[in-house]
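Peer 1: Quick note: the sequence shown uses the numbering used here, first residue 143, plus one each step. Using N, Cα and C, we set each Cβ at its ideal position, and we do this for glycine too. Here it is, the structure, as structure tokens.
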Amino acid sequence: METINNLGTYTFPSLLKNSLKKFADRNALSLVGETPITYKQLYEKSLQFARILTGFNLKKGNKVAIYATGRPEWGAAYLGIVNQGIIAVPLLPDFSSVEVESIIAHCGVDALVVEQKLYEKIKDIKNSLPPVIIRMEDYKVIKGAEKITGNNEEIPPEYFENIELDKVDVFEDDTASIIYTSGTTGRSKGVELTHRNLVWNAVQCQSVHRVNKMDRCLSFLPISHVYEFTIGFTMQIMNGSCIYYLGKPPVVSALLPALKLVQPTIVCSVPLVAEKIYKNKVLPTFNKNPITKFLFKISPTRKILSRIAGKELKKTFGKHLVFFGIGGAKVDPQVERFLREAKFPYAIGYGLTETSPLLAGSSPRTTKLGTIGYVMEGVDIMIANPDSETGIGEVVARSRGIMKGYYKEPELTKNAFTTEEDSVGEGWFKTGDLGILKLERGKLRLSLKGRNKNMILGPSGENIYPEDIEFVLNQHPLVSESLIVEDDKGLVALVQFEAEKFENEAEERTGKKFPGINIKEIVQGISQAVTEKQEEIIRDIAYQKESILSEVQFFVNSRVNKNSMVGKVQRVTQFEKTASQKIKRYLYDLRTKVSGNKTKNSREDEDSKTKE
Numbered sequence: 143m144e145t146i147n148n149l150g151t152y153t154f155p156s157l158l159k160n161s162l163k164k165f166a167d168r169n170a171l172s173l174v175g176e177t178p179i180t181y182k183q184l185y186e187k188s189l190q191f192a193r194i195l196t197g198f199n200l201k202k203g204n205k206v207a208i209y210a211t212g213r214p215e216w217g218a219a220y221l222g223i224v225n226q227g228i229i230a231v232p233l234l235p236d237f238s239s240v241e242v243e244s245i246i247a248h249c250g251v252d253a254l255v256v257e258q259k260l261y262e263k264i265k266d267i268k269n270s271l272p273p274v275i276i277r278m279e280d281y282k283v284i285k286g287a288e289k290i291t292g293n294n295e296e297i298p299p300e301y302f303e304n305i306e307l308d309k310v311d312v313f314e315d316d317t318a319s320i321i322y323t324s325g326t327t328g329r330s331k332g333v334e335l336t337h338r339n340l341v342w343n344a345v346q347c348q349s350v351h352r353v354n355k356m357d358r359c360l361s362f363l364p365i366s367h368v369y370e371f372t373i374g375f376t377m378q379i380m381n382g383s384c385i386y387y388l389g390k391p392p393v394v395s396a397l398l399p400a401l402k403l404v405q406p407t408i409v410c411s412v413p414l415v416a417e418k419i420y421k422n423k424v425l426p427t428f429n430k431n432p433i434t435k436f437l438f439k440i441s442p443t444r445k446i447l448s449r450i451a452g453k454e455l456k457k458t459f460g461k462h463l464v465f466f467g468i469g470g471a472k473v474d475p476q477v478e479r480f481l482r483e484a485k486f487p488y489a490i491g492y493g494l495t496e497t498s499p500l501l502a503g504s505s506p507r508t509t510k511l512g513t514i515g516y517v518m519e520g521v522d523i524m525i526a527n528p529d530s531e532t533g534i535g536e537v538v539a540r541s542r543g544i545m546k547g548y549y550k551e552p553e554l555t556k557n558a559f560t561t562e563e564d565s566v567g568e569g570w571f572k573t574g575d576l577g578i579l580k581l582e583r584g585k586l587r588l589s590l591k592g593r594n595k596n597m598i599l600g601p602s603g604e605n606i607y608p609e610d611i612e613f614v615l616n617q618h619p620l621v622s623e624s625l626i627v628e629d630d631k632g633l634v635a636l637v638q639f640e641a642e643k644f645e646n647e648a649e650e651r652t653g654k655k656f657p658g659i660n661i662k663e664i665v666q667g668i669s670q671a672v673t674e675k676q677e678e679i680i681r682d683i684a685y686q687k688e689s690i691l692s693e694v695q696f697f698v699n700s701r702v703n704k705n706s707m708v709g710k711v712q713r714v715t716q717f718e719k720t721a722s723q724k725i726k727r728y729l730y731d732l733r734t735k736v737s738g739n740k741t742k743n744s745r746e747d748e749d750s751k752t753k754e
């Protein structure tokens, strides 16, 4: 690839110099609706930030945490940090003050660059924050000024403009980032990734989909998440594209005008966004008419209707979209089928924080239902201890993108790799995911079955994969998301309903009207005067809700084999999630709550791996 030859070394200094040379006057980064900064200005802003760090005598090996949402200053600050050999510690914006405090203490952060609104969120731990704090929006020093000026007044970045930067040798094996994942299975651990890990992975992503200087990327995922960082940031600036940051949560009211304005060619997303679009925009269009609702259930006519809906969906994204990347979790099969039949340019990627992240993926041209895609160039994947009948086993990998290790966790690092006793030999990274490989056109195509540690052993020794049951549950029209867990009696389905639909359905089933009474207020306990009639309504609605739970149980049990049937369905108001919108499974382990004992789903110290 041309990019590989031009970089020289897999380091961020080489990457930025290469982009500056080739794309100096092209647009690089922008908030939606604002004027973009060019690659030359990005380079200059990175130097400006590096001078501030040098002014505080921060040198190679020191650590600077970044706690902010996506914006141009984030990327410039990161490059200013790592190009001086300093280690960046990106923090997810949804981390609580307790999590921020724990991470800062664990890795020994020397300085913090923070967005103002997030700074307000962590002021309760101000005594635990590092001695130097820089505001992200304007790079003003807001803590630590007395060390430089002798007073506590904020210092603007211009104060440091005459500082001469040290010439620092940055090597491929130097640590670039320590990324603390918000994992699905327990406490966060610091994943130590080198310059080679991150830059090499971004280069290899070109073998899945080629980015060029004419591309426009709309970004709304946290850059501190390695999926967005590698594919939505590093890969883009390496190839001269322009990144537009949404600057707010990706709700429809914010996304639609941004899509119209930016007209992106590239969007990196997570399955939840695609699923929300399908459930809230596509399905209602077909279901509102009895004829189209019926036709959508028949394969030939469904494909025609999907094609029509796909054209409208592409218009919503601005007509120029060529790559809608989906990573972070497995895609609902029904949603993926629609995207494929609609000829929407979606692509699937798989990897982990520990792998920088991409291991396998498909371009819009090579997607295949129910599979991830081809193993990426330069990556080796094997299936460890495959089942003799199904071929399913643990996915293990080797590549130049595999992490250096877990920071200050030598034993956990050792346990993350195979040994001589394993069927594949030693030195392979254990992903914790179950999968199968098939040879197709001279390439290996990867399909995933679920998480190794999520697998439930049935009473007769059968393997039960919770994800398969969850996919069925999520097809129910009232279900938003679900989670299959165990209690002491068997399988339990924890279900988050579409709140408004669930309440409306329960009320409508009562078939009772009571003029002047707001049923929702009664249910919520807002109404003061509760008459016998109102009490009857409340009891009736409660009964209907229980009836819906029973119907959901029948819905799933009639569609799975007998070993996968659920014993009961419980309602959950809101699941707690990771940055990539995966449910934190370890929080919902009913066996732990019942017995007080740890199970393989709650062993926090054994699994921090976060699928990207």
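1) Look up Leu579 in the DSSP assignment and say whether it is helix, strand or coil.
2) CB-CB under 7 Å to Val702, same chain, minus the five flanking residues each way: which ones, in chain order?
3) If I measure Cβ to Cβ from Pro528 and keep anything under 6 Å in the same chain, skipping five residues before and after, which residues do I get?
4) Taking 8 Å as the limit between beta carbons, can you name the residues of its chain near Gln419, skipping five residues before and five after?
5) Around the C-beta of Asn304, are 16 or more other C-beta atoms found within 10 angstroms, so that it is buried, or is it exposed?
6) In three-state DSSP terms, what is Ser448?
7) Compare the Cα-Cα distances from Lys704 to each of Gly600, Leu636 and Lys556 and report the closest residue.
8) Quick one: using the 10 Å Cβ neighbour count with 16 as the cut-off for buried, is Met524 buried or exposed?
9) Who are the near neighbours of Gly389 in its chain, counting only those whose CB is closer than 8 Å to its CB and skipping five residues on each side?
10) Grab the span of the beta strand (DSSP E) containing Val333 for me, first residue to last.
11) Please check the pair Lys205 and Ile229, which I expect to be a contact at CB under 8 Å, by giving their CB distance rounded to whole angstroms.
12) Per DSSP, which residues does Val621 bridge with? Please list them.
13) For Gly658, I'd like the list of residues in its chain whose CB is within less than 8 Å of its CB, leaving aside the five on either flank, ordered along the chain.
14) Go ahead and label Asp280 buried or exposed: buried means 16 or more other beta carbons lie within 10 angstroms of its beta carbon, across all protein chains shown.
15) Just the C-alpha distance for Val404 and Arg358, rounded to the nearest angstrom, thanks.
16) Pick helix, strand or coil for Phe465, following the three-state DSSP scheme.
17) Is it true that the CB of Ala489 sits closer than 8 Å to the CB of Gln723?
18) When you compare each of Asn594, Ser504, Val310 and Phe571 to Thr497 by their alpha carbons, which one comes out closest?
19) If you count every other CB in all the chains shown that lies within 10 Å of the CB of Asp311, and 16 or more means buried, which is it?
20) For Ser395, which three-state DSSP category applies?
21) What do you get for Glu623, buried or exposed, if any count of 16 or more other CB atoms within 10 angstroms of its CB means buried?
22) Compare the C-alpha of Lys163 against each of Glu176, Thr180 and Val333 and name the closest.
23) Contact defined as beta carbons within less than 8 Å: I believe Val240 pairs with Ile208. What is the distance between those atoms, to the nearest angstrom?
24) Could you tell me the boundaries of the beta strand (DSSP E) in which Val224 lies?
25) In the DSSP assignment, the alpha helix (DSSP H) including Cys249 goes from what residue to what residue?
26) In terms of residues, what are the limits of the beta strand (DSSP E) holding Leu254?
27) Is it the case that the Cβ atoms of Leu260 and Pro299 are separated by a distance below 8 Å?
28) By how many angstroms is the C-alpha of Ile385 removed from the C-alpha of Val517?
29) Which term fits Met380, buried or exposed, when burial requires 16 or more other beta carbons within 10 angstroms of its beta carbon?
30) Is the segment 640-654 in contact with the segment 682-696, if contact means three or more CB pairs nearer than 8 Å?
31) Short check: CB of Leu590 to CB of Gly577, under 8 Å?
32) What does Val627 pair with, by DSSP beta-bridge criteria?
33) Taking just the CA atoms, how far does Ala451 sit from Thr443?
34) Between Thr560 and Val537, is the Cβ-Cβ spacing less than 8 Å?
35) Using the rule of at least 16 other Cβ atoms within 10 Å of the residue's Cβ for burial, across every protein chain shown, is Pro487 buried or exposed?
36) Express the C-alpha separation of Glu215 and Ala400 in angstroms, rounding to a whole number.
Peer 2: In short, the structure shows the following:
1) strand
2) Ile611 and Val614
3) Gly535
4) The sequence given here places Ile at residue 419; Gln does not occur at that position. Same-chain partners within the cutoff: Leu455.
5) exposed
6) helix
7) Gly600
8) buried
9) Leu173, Val174, Thr211, Gly212 and Arg213
10) Gly332 to Thr336
11) 5 Å
12) Phe639
13) Per-residue confidence for Gly658 stands at a pLDDT of 49, beneath the threshold of 50, marking its modelled position as unreliable; no derived number is given.
14) exposed
15) 7 Å
16) strand
17) no
18) Phe571
19) exposed
20) helix
21) buried
22) Thr180
23) Actually they are not in contact, since the Cβ atoms of Val240 and Ile208 sit about 18 Å apart, beyond 8 Å.
24) Unbroken run through Val224 is the alpha helix (DSSP H), Pro214 to Val224; no beta strand (DSSP E).
25) Ser239 to Cys249
26) Ala253 to Val256
27) no
28) 27 Å
29) buried
30) yes
31) yes
32) Val634
33) 12 Å
34) no
35) buried
36) 19 Å
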